[in-house]
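Enquirer: Below you'll find the structure I mean.
In our numbering, the protein residues as written are 69 to 290.
Given below as structure tokens:
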């Protein structure tokens, strides 16, 4: 049985795409650039907000000065509006409660900047005592660099074999692979099942409740 489950945030615990897209479009419009449809944003996110700003800008406007300016406007807006439309995925609150009742420790590892993560997670999951809530910090590489996972393992003093990483993207699966821990890809998030397969997810699930069986019984290799 796994003793610790580390969750990605965006596209795994919470559907944040509307708030991310609204904030990005606000920043683009404020700086005179064309905006994008909400349907485009699942393919822009996943590597932190600076990379998000780089991707949404026109190719000929992606210099550091432009990215810095648009990023500042994004953060200003997102800090105030990050919980306007965001909501947990169906079944996720129940999964977290079941894991809590089983005595399984839980943590969050996100490429979203730390201030936003620290606001969003307690807002939506006030009854869950996460052992670590980790977002992007200055000077620490974003996922798929495994540093954020190693930080959580050090805080919890958990062995890698006792840990399960849950995420919705190739970035998440690669993070788990580099950290040498088991991974579960979820299909309700921002990226496709095909991407999860390509990045060698150890298991893929379509419903949060399916994670309970993996936590209790391990990943079955067919």
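All C-beta atoms in this analysis are idealised placements derived from N, C-alpha and C, irrespective of residue type, glycine included.
This one's a predicted model, so the numbers in the text were calculated from it and none came from an experiment.
(1) Any idea if residue 277 is buried or exposed, counting beta-carbon neighbours within 10 angstroms, 16 or more meaning buried?
(2) Taking DSSP as the reference, what is the three-state secondary structure of residue 233?
(3) If you run the structure through DSSP and keep just helix, strand and coil, what is residue 179?
(4) Can you give me the C-alpha to C-alpha distance between residue 290 and residue 232, rounded to a whole angstrom?
(5) Work out the CA separation of residue 285 and residue 248 for me, nearest whole Å.
(6) Is there at least one Cβ from chain B nearer than 8 Å to residue 175's Cβ?
(7) Using the C-alpha atoms, what's the distance from residue 111 back to residue 57?
(8) With DSSP run on the structure shown, which of helix, strand or coil describes residue 252?
(9) Evaluate residue 206 with the Cβ neighbour count: other Cβ atoms within 10 Å of its Cβ, from every protein chain shown; 16 or more gives buried, anything less gives exposed.
(10) Is residue 208 buried or exposed, if buried means 16 or more other CB atoms sit within 10 Å of its CB?
(11) Tell me which residues share the same chain as residue 203 and place their Cβ nearer than 6 Å to its Cβ, disregarding the 5 neighbours each side in the sequence.
(12) Run through the DSSP bridge pairs and tell me what residue 120 is partnered with.
(13) So, do the segment 164-172 and the segment 97-117 have three or more beta carbon pairs nearer to each other than 8 Å?
(14) Based on Cα-Cα distance, which residue from 189, 198 and 138 lies nearest to residue 150?
(15) Residue 276 by DSSP, collapsed to three states: which one?
(16) In angstroms, rounded to a whole number, what distance separates the CA positions of residue 250 and residue 71?
(17) Ignore the nearest five residues each way along the sequence and tell me which others in residue 282's own chain have a CB closer than 7 Å to its CB.
(18) Hey, how far is the Cα of residue 119 from the Cα of residue 113?
(19) For residue 257, count the other beta carbons within 10 Å of its own beta carbon; 16 or more makes it buried, fewer makes it exposed. Which is it?
(20) Where does the unbroken beta strand (DSSP E) through residue 206 begin, and where does it stop?
(21) Can you tell me whether residue 255 is buried or exposed? The criterion is at least 16 other CB atoms within 10 Å of its CB, across all chains shown.
(22) In chain order, what residues of the same chain lie with their CB nearer than 7 Å to the CB of residue 267, ignoring the 5 residues before and after it?
(23) Would you decide whether residue 158 is buried or exposed? Buried here means 16 or more other CB atoms lie within 10 Å of its CB.
Expert: If we stick to the structure as given:
(1) Residue environment: residue 277 is assigned as exposed (fewer than 16 neighbouring CB atoms within 10 Å of its CB, all protein chains considered).
(2) Judged by DSSP in its simplified three-state form, residue 233 adopts strand.
(3) Residue state, collapsed to three classes: strand.
(4) Note that residue 290 scores 42 on pLDDT, short of 50, meaning its location in the model is unreliable; the coordinates nonetheless yield the value given after this. So the alpha carbons of these two residues sit roughly 19 Å apart.
(5) Using only the alpha carbons, I get a separation of about 19 Å.
(6) The chain inventory of the structure shown lacks chain B, comprising one protein chain alone.
(7) Coverage of the chain is limited to positions 69 through 290, which leaves residue 57 absent and any answer about it impossible.
(8) Assigned with DSSP and collapsed to three states, residue 252 falls in strand.
(9) With fewer than 16 Cβ atoms within 10 Å of its Cβ, residue 206 is classed as exposed.
(10) Around the C-beta of residue 208, fewer than 16 other C-beta atoms lie within 10 Å, and the residue is accordingly described as exposed.
(11) The residues 178, 180, 181, 182 and 185, in chain order, have a CB closer than 6 Å to that of residue 203 in the same chain once the five nearest residues on each side in sequence are set aside.
(12) Residue 120 is not bridged to any residue.
(13) Output reads no: the segment 97-117 does not touch the segment 164-172.
(14) Of the candidates 189, 198 and 138, the one whose C-alpha sits nearest the C-alpha of residue 150 is 189.
(15) In the three-state reduction of the DSSP assignment, residue 276 falls in the coil class.
(16) Whole-angstrom Cα-Cα distance: 12 Å.
(17) Counting only Cβ-Cβ distances below 7 Å, and skipping sequence neighbours, we find 232, 252 and 271.
(18) For residue 119 and residue 113, the gap between their C-alpha atoms comes out near 8 Å.
(19) Under this definition residue 257 is a buried residue.
(20) Under the DSSP assignment, residue 206 falls outside any beta strand (DSSP E); it carries neither an H nor an E label.
(21) Label assigned to residue 255: exposed.
(22) Excluding residues within five positions, the ones whose Cβ falls inside 7 Å are 238, 241 and 242.
(23) By the 10 Å Cβ count, residue 158 comes out exposed.
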